[in-house]
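Student:
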């Protein structure tokens, strides 16, 4: 059957319609959701600081581009929901770009490209991560650009193609330090291609200058703002070699565990992911160094390398953020050998089951009660409050310094004197982060209490296993204990 090429106009509209269908699915219930974690709230606060000219935290998490992109929005509004919705739309655009690149690389027909958008876009984790205010959405967008641009560099070795791929890598590094982990993968692919393009005509030093440019330019901006010139690369060193254990007691960044991500895939994602992960293995015998990798094998190499590398480090589902879409795409590529009716039936069933999982694992935990906490405090002239580890209340209870983080209940007496606390919010986020230092507060009778479903969400707990250093099983055991507690937000009067 001769199907229309993806580059033709009608298939493009099929792809665009499928992408548009993802928007309401990704935004569903977001207006009544809070920012789900500490990093999301902290990023929201930092963006506002940068918008006001305060660059002290510009290099927070080694991602200055994130704050710079969203800072102009703060000139118009500080409503966290605007930022959250914009970031969710970027996540949709990332799925769009990734599907577009894969469709071009593999020459998918228009209707298959549209199905790819829906299959990839209903990944449980990509949906969950696309509803926060972290760098994940922009990171996935930049990875999609790098994936497509680098394949063009392999397929058509030329200086423009090489510099285009390097440009996507530079942009990715500005949003997420984890793009450093693409360097060994790119090195392996360069070795396999064996065409010497990087080393000819001085390309290597031009690529190096391109990679260094943002560090020089933004480093100079930091110096003008009173920051050390080395602050951005120093963050990389601190992530790799932490000088002390964090609040949860995790110090090491290496923790080999080759079952963590496989167990996550089994428990939360579609079974098609396994077909995408394992299906291309048979093509390995066809690969020869010095020749262009087949498109499916090129995509698979990225997924395999990401899985192998991330399995050596402390883990959270976001460690494979870039790989989920690849495996869904590879599954579709394996299945496209089926007759069209059977293929559509299989993919429609998989998409439907993904939507069911999203309802169960994402939507069900979305509604927040933080606004009710803030309203109660205002009604009772609560004033500044302490909060155990989490700052989820901050967007609902301005100004920004009204909610103070407590990492240990021993800090409470000093905070009461210094900030006039009348109440402390025993926020169940302490369970998520495994910072169990609030036994005395837990024994006290709260003045008011509310449930907060997100603080019992399995995906939120798993996302923090990178912070806690706990295994997959240990993390879900803590989640089950949290789920047995009917109230996650307790306002305790300060004695």
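In my numbering, the protein residues as written are 905 to 1399.
C-beta atoms are modelled at their ideal positions from N, C-alpha and C, and glycine is treated no differently.
For residue 1232, which residues from the same chain have a beta carbon less than 7 Å from its beta carbon, with the 5 sequence-adjacent residues on both sides left out?
Tutor: Closer than 7 Å at the Cβ level, and outside the excluded window around residue 1232, lie 1023, 1024, 1027, 1176, 1177 and 1180.
Student: Between which two residues does the beta strand (DSSP E) containing residue 1397 stretch?
Tutor: Run containing residue 1397: 1393-1397, per the beta strand (DSSP E) assignment.
Student: Return the chain-ordered list of same chain residues with a C-beta closer than 8 Å to the C-beta of residue 1188, the five sequence neighbours on each side being excluded.
Tutor: Cβ within range, chain order: 1201.
Student: Below 9 Å between beta carbons: does that hold for residue 1383 and residue 1362?
Tutor: Going by C-beta atoms, residue 1383 is nearer than 9 Å to residue 1362.
Student: Rounded to a whole number of angstroms, what is the C-alpha to C-alpha distance between residue 1342 and residue 1072?
Tutor: Residue 1342 and residue 1072: Cα-Cα distance of roughly 45 Å.
Student: Rounding to the nearest angstrom, what Cα-Cα distance links residue 1029 and residue 1259 in this structure?
Tutor: Cα-Cα distance, rounded: 12 Å.
Student: What is the rounded straight-line gap between the Cα of residue 1033 and the Cα of residue 1366?
Tutor: Straight-line Cα distance between these residues: approximately 12 Å.
Student: Which residue from 1096, 1012, 1156 and 1151 puts its Cα closest to that of residue 1142?
Tutor: Comparing Cα positions, the closest option is 1156.
Student: Count the C-beta pairs between the region 1281-1297 and the region 1327-1336 that are closer than 8 Å, then say yes if the count reaches three, no if not.
Tutor: Result yes; three or more Cβ-Cβ pairs closer than 8 Å.
Student: Near residue 989, which residues of its chain fall below 7 Å by C-beta distance, leaving aside the five closest residues on each side in sequence?
Tutor: Here the set comprises 931 and 934.
Student: Does DSSP classify residue 1260 as helix, strand or coil?
Tutor: Looking at residue 1260 - three-state DSSP - the assignment turns out to be helix.
Student: Which residues in the same chain as residue 1133 place their Cβ atom closer than 6 Å to its Cβ, once the five residues preceding and following it in sequence are excluded?
Tutor: Hits under 6 Å: 1123 and 1127.
Student: From residue 1246 to residue 1256, what distance separates their C-alpha atoms?
Tutor: One C-alpha to the other measures close to 15 Å.
Student: Would you mind sorting residue 910 into buried or exposed? The rule is 16 or more other CB atoms within 10 Å of its CB.
Tutor: Its pLDDT being 46, under 50, residue 910 is placed unreliably in this model, and the value from its coordinates should be taken loosely. By the 10 Å Cβ count, residue 910 comes out buried.
Student: Taking 9 Å as the cut-off, decide whether the C-beta atoms of residue 1346 and residue 1286 are in contact.
Tutor: No, they are not a contact pair.
Student: Quick check: what's the CA-CA separation for residue 926 versus residue 998?
Tutor: The straight-line gap from Cα to Cα measures roughly 12 Å.
Student: Once DSSP output is grouped into helix, strand and coil, what is the label at residue 909?
Tutor: With a pLDDT of only 47 at residue 909, under the threshold of 50, the placement of this residue in the model should not be trusted; the figure read from the coordinates follows. Three-state DSSP puts residue 909 in a strand.
Student: Give the list of continuous alpha helix (DSSP H) stretches no shorter than 4 residues that lie fully inside the region 926-954.
Tutor: For the region 926-954, not a single whole alpha helix (DSSP H) run of length 4 or above is found.
Student: Which residue spans inside the region 999-1039 form an unbroken alpha helix (DSSP H) run of at least 4?
Tutor: 1014-1025 and 1028-1033, all fully within the region 999-1039.
Student: Between the Cα of residue 950 and those of 1304, 1312, 1154 and 1349, spot the shortest distance and give me the residue it belongs to.
Tutor: The candidate whose alpha carbon is nearest that of residue 950 is 1304.
Student: Can you tell me whether residue 1182 is helix, strand or coil according to DSSP?
Tutor: Residue state, collapsed to three classes: helix.
Student: Across which residues does DSSP place residue 1327 in a beta bridge pair?
Tutor: DSSP lists 1289 and 1397 as partners of residue 1327.
Student: Would residue 1371 pass as a contact of residue 1220 if the rule is Cβ separation under 9 Å?
Tutor: It is a contact, given that the beta carbons lie within the stated cut-off.
Student: Should residue 969 be labelled buried (16 or more other beta-carbon atoms within 10 Å of its own) or exposed?
Tutor: So residue 969 ends up on the buried side.
Student: Taking the CB atoms as reference points, tell me whether residue 1230 and residue 1058 lie closer together than 9 Å.
Tutor: Their beta carbons are not under 9 Å apart, which means residue 1230 does not touch residue 1058 by this criterion.
Student: Would DSSP call residue 1354 helix, strand or coil?
Tutor: It is a strand residue.
Student: Skipping 5 residues on each side, what residues in its chain have a beta carbon closer than 7 Å to that of residue 1300?
Tutor: Excluding positions up to five away in sequence, the list reads 1274, 1275 and 1278.
Student: If I follow the unbroken beta strand (DSSP E) through residue 1154, where does it start and stop?
Tutor: Here residue 1154 belongs to no beta strand (DSSP E), and DSSP marks it neither H nor E.
Student: Would you say residue 1234 and residue 1019 are within 9 Å of each other, going by their C-beta atoms?
Tutor: It is not a contact, given that the beta carbons lie outside the stated cut-off.
Student: Give the DSSP-derived three-state secondary structure of residue 1205 in the structure shown.
Tutor: If DSSP states are grouped into helix, strand and coil, residue 1205 belongs with the helices.
Student: Buried or exposed: where does residue 1205 fall if 16 or more other Cβ atoms within 10 Å of its Cβ makes it buried?
Tutor: Residue 1205 should be labelled buried.
Student: Nearest CA to the CA of residue 1084: which residue from 1394, 1116 and 1021?
Tutor: Comparing Cα positions, the closest option is 1116.
Student: Note the first and the last residue of the continuous alpha helix (DSSP H) segment covering residue 1282.
Tutor: Here the alpha helix (DSSP H) through residue 1282 covers 1274-1283.
Student: For residue 1308, which three-state DSSP category applies?
Tutor: Strand at residue 1308.
Student: Just the C-alpha distance for residue 919 and residue 1015, rounded to the nearest angstrom, thanks.
Tutor: Straight-line Cα distance between these residues: approximately 7 Å.
Student: Inspect the beta-carbon positions of residue 1379 and residue 1369 and report whether they are closer than 9 Å.
Tutor: Yes, the pair counts as a contact, with Cβ atoms nearer than the cut-off.
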